[in-house]
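> Throughout, the working numbering is defined as the position within the sequence shown, counted from one, plus 1233.
Every residue gets a Cβ at the ideal spot worked out from N, C-alpha and C, and that includes glycine.
Below is the structure I would like to discuss, written out as C-alpha cells.
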Amino acid sequence: MTPTSIRAQGVQKQYPGERGVQALQGVDADIASGRFISILGPSGCGKSTFLRCIAGLEDISAGALQVGGRPVQGPPDGVGIVFQHHALLDWRNVRDNILLPIEFAGKPVAAHADKVDHLLSMTGLTQFAHSYPKELSGGMRQRVAICRALVDDPSLLLMDEPFGALDALTRDQMNVDLQRIWLETRNTVVFVTHGIAEAVYLGDEVLVFSPRPGRVAHRIVVDLPRPRPLSIRETPEFGRYTREIRHLFSEMGLLTEAAHTAS
Ligand code: ADP
C-alpha cells in the first residue's frame, strides 16, 4: 500500500431538509501522504462530517475534495475506518470480526491468516483470537476495530474519536499503541478528537476547526521527535503546543477562565 494524500478546497456541506444545517463552510486542507493528522474542534463543528466526506459516505455540497489525486465519488478504495463505537459483530469472534472487510471485498480469507496473526500480535490480542466481543474490555474491542480497519492494508486510515468512550488510563494506553502501530504501517491517518493533548501527542499536524460551520481555522505542525513517550506531555515543548491551542480556542470564544459559580 502506498499512503494517500488528501486535498480539500473550499469544501462545503449543507445537510438537506427544512432544518438542514451548514456543517462545513470553506474547508481547505492539504494532507500529504503518510502523515498523521489530528483534527481538533468543539463538538458539533463538523469534524465527523468532514471525515465522512473523505470516506465518501457523504457528498459534499460545494468545493473540491480529492483523495489520492481523484475526486471523491463514493467510498474510495484502500480506506479503513474506526468509529467511536467499535461496531464489532457480537456473534463473530475476534479473528472473524477482523476478517470481515476481506470477506466483503470477496478476497480469499485463508490468504490473510498471517496478516491477522500479525495484527493480533501487534495489538497484544493473540490469545483473544477466539474470544467474542462481549468477553473483551472496551480498550480491547477498540484494538480489534483497529485491526479490522488495517487488515486490508489501507492507504488511508480514518479515525472518528476512536477512544472517546474509554476511561483515561485506557485512552493513554491506546494512544501509545496507536503511535506504535502507525510507526509500523506509516499510512496516512486522519484522527478526529476533541482532546487537545491527544491531538498533539499523536499528530504530525493538528488542524483546528472553527465552531460550526466548520473550517480549518489553524494548522499547527507538531515538531516533536518520535516515538513519543507519554511523558513527553510533561515537557515544556509539548506544553507550548497545548497552550497555543488553548489560546486559539479562547480566541474563538470556546474556553473562558471566568468563574462560573452555581448560586
Ligand atoms: P462533530 O463531529 O464536530 O461533533 P458533526 O460533523 O457530527 O460534528 O456535526 C456537525 C453538524 O451537522 C451538527 O450540527 C450536526 O447536528 C449536523 N449533522 C451531522 N450529521 C447530520 C445528518 N446526517 N443530518 C443532518 N444534520 C447532521
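1) In chain order, which continuous runs of the alpha helix (DSSP H) of length 4 or greater are located wholly inside the region 1333-1375?
2) Could you tell me if the beta carbon of R1461 falls within a distance shorter than 7 angstroms of some heavy atom in the ligand GTP?
3) Alpha carbon to alpha carbon, what distance is there between A1362 and T1237?
4) Taking 8 angstroms as the limit between beta carbons, can you name the residues of its chain near I1465, skipping five residues before and five after?
5) Give me the DSSP bridge partner(s) of V1402.
6) What is the rounded straight-line gap between the Cα of S1496 and the Cα of I1272?
7) List in chain order the residues whose CB is within less than 5 angstroms of at least one heavy atom of the ligand ADP.
8) If you draw a straight line from the C-alpha of P1275 to the C-alpha of V1425, how long is it?
9) For the beta strand (DSSP E) containing E1438, list its first residue and its last residue.
10) Between V1423 and I1264, how many whole angstroms is the CB-CB distance? I'm expecting something under 8 angstroms.
11) If we count Cβ pairs, one from each stretch, closer than 8 angstroms, do we get three or more for the region 1245-1259 versus the region 1282-1297?
12) Look up I1293 in the DSSP assignment and say whether it is helix, strand or coil.
13) If we count Cβ pairs, one from each stretch, closer than 8 angstroms, do we get three or more for the region 1299-1318 versus the region 1386-1403?
14) Since I believe H1451 is in contact with L1481 (beta carbons under 8 angstroms), could you give me their beta-carbon distance rounded to a whole number of angstroms?
15) Cutting at 6 angstroms between CB atoms, please list the residues of its own chain near R1445, excluding the five before and the five after it.
16) Mind checking who F1269 pairs with in its DSSP beta bridge?
17) For P1387, which residues in the same chain have their Cβ closer than 8 angstroms to its Cβ, ignoring the five residues on either side in sequence?
18) Confirm, please, whether the CB-CB distance from P1334 to R1381 is below 8 angstroms.
19) Going along the chain, which residues of its own chain have a beta-carbon closer than 7 angstroms to the beta-carbon of L1290, five neighbours each way excluded?
20) May I ask you to report which of helix, strand or coil DSSP gives G1472?
21) Short of 7 angstroms in beta carbon distance, which residues of its chain neighbour D1261, apart from the five on each side in sequence? Order them along the chain.
22) Under 8 angstroms by Cβ, that's how I've got D1405 and L1358 pegged, so tell me the actual separation to the nearest angstrom.
23) Can you list, in chain order, the residues of its chain with a C-beta nearer than 7 angstroms to that of A1288? Leave out the 5 residues immediately preceding and following it.
24) Please report the distance separating the alpha-carbon of E1438 from that of V1455.
25) Taking the beta strand (DSSP E) that L1391 belongs to, which residues open and close that run?
26) Where H1351 and L1369 are concerned, what is the direct C-alpha to C-alpha distance, given to the nearest angstrom?
Judging by the given coordinates:
1) 1333-1337, 1346-1355
2) Looking for the ligand GTP in the displayed structure turns up nothing; the ligands present are the ligand ADP.
3) As a first step, residue 1237 is located in the sequence shown; it is residue number 4 there, counting from the start. As a first step, residue 1362 is located in the sequence shown; it is residue number 129 there, counting from the start. The straight-line gap from Cα to Cα measures roughly 30 angstroms.
4) As a first step, residue 1465 must be located in the sequence shown, where it is residue number 232. So the qualifying residues of the chain are Y1434, L1457, F1471.
5) Counting from one through the sequence shown, the residue named residue 1402 turns up at place 169. It should be noted that the sequence gives Leu, not Val, for residue 1402. Per DSSP, none; premise fails for L1402.
6) For the purposes of this step, residue 1496 is taken as the residue at position 263 of the sequence shown. For the purposes of this step, residue 1272 is taken as the residue at position 39 of the sequence shown. The predicted model places S1496 with a pLDDT of 42, which falls under 50 and marks its position as unreliable, so this point remains unresolved.
7) Y1248, V1254, A1256, S1276, G1277, C1278, G1279, K1280, S1281, T1282
8) In the sequence shown, counting from the first residue as 1, residue 1275 sits at position 42. In the sequence shown, counting from the first residue as 1, residue 1425 sits at position 192. Approximately 11 angstroms between the Cα atoms of the pair.
9) Counting from one through the sequence shown, the residue named residue 1438 turns up at place 205. Here the beta strand (DSSP E) through E1438 covers 1438-1442.
10) Here the question's residue 1423 lines up with position 190 in the sequence shown. Here the question's residue 1264 lines up with position 31 in the sequence shown. That pair is a contact at about 7 angstroms.
11) yes
12) The residue you call residue 1293 lines up with position 60 of the sequence shown. Of the three classes helix, strand and coil, the one that applies to I1293 here is coil, per DSSP.
13) yes
14) Within the sequence shown, residue 1481 is the residue found at index 248, counting from 1. Within the sequence shown, residue 1451 is the residue found at index 218, counting from 1. Rounded, the Cβ-Cβ distance is 5 angstroms, consistent with contact.
15) Numbered from 1 along the sequence shown, position 212 holds the residue referred to as residue 1445. In chain order, G1277, C1278, G1279 place their CB closer than 6 angstroms to the CB of R1445, counting only its own chain and leaving out the 5 sequence neighbours on each side.
16) For the purposes of this step, residue 1269 is taken as residue 36 along the sequence shown, with counting starting at 1. Beta-bridge pairing links F1269 to V1422.
17) Counting from one through the sequence shown, the residue named residue 1387 turns up at place 154. So the list reads M1234, G1311, V1312, G1313, N1420, once near-sequence residues are dropped.
18) Position 148 of the sequence shown, counted from the start, is the residue given in the question as residue 1381. Position 101 of the sequence shown, counted from the start, is the residue given in the question as residue 1334. Yes, these two residues count as a Cβ contact at 8 angstroms.
19) Counted from its first residue, the sequence shown places residue 1290 at position 57. Cβ neighbours of L1290 beyond the five flanking positions: P1308.
20) By one-based count along the sequence shown, residue 1472 stands at place 239. Three-state DSSP puts G1472 in a helix.
21) Counting from 1 along the sequence shown, the entry for residue 1261 is found at position 28. Counting only Cβ-Cβ distances below 7 angstroms, and skipping sequence neighbours, we find A1241, Q1242, G1243, V1449.
22) The residue you call residue 1405 lines up with position 172 of the sequence shown. The residue you call residue 1358 lines up with position 125 of the sequence shown. That belief does not hold up - the Cβ atoms of D1405 and L1358 are roughly 18 angstroms apart, past 8 angstroms.
23) Position 55 of the sequence shown, counting from 1, holds the residue named residue 1288. Around A1288, the same chain offers P1308, V1312, I1314, L1391 as residues with beta carbons nearer than 7 angstroms, after the five sequence neighbours per side are excluded.
24) Taking the first residue of the sequence shown as position 1, residue 1438 is located at position 205. Taking the first residue of the sequence shown as position 1, residue 1455 is located at position 222. C-alpha separation (whole angstroms): 5 angstroms.
25) On the sequence shown, position 158 is the one that residue 1391 refers to. Note, L1391: beta strand (DSSP E), 1389-1393.
26) Stepping through the sequence shown from its first residue, residue 1351 is reached at position 118. Stepping through the sequence shown from its first residue, residue 1369 is reached at position 136. If you draw a straight line from the Cα of H1351 to the Cα of L1369, it comes to about 19 angstroms.
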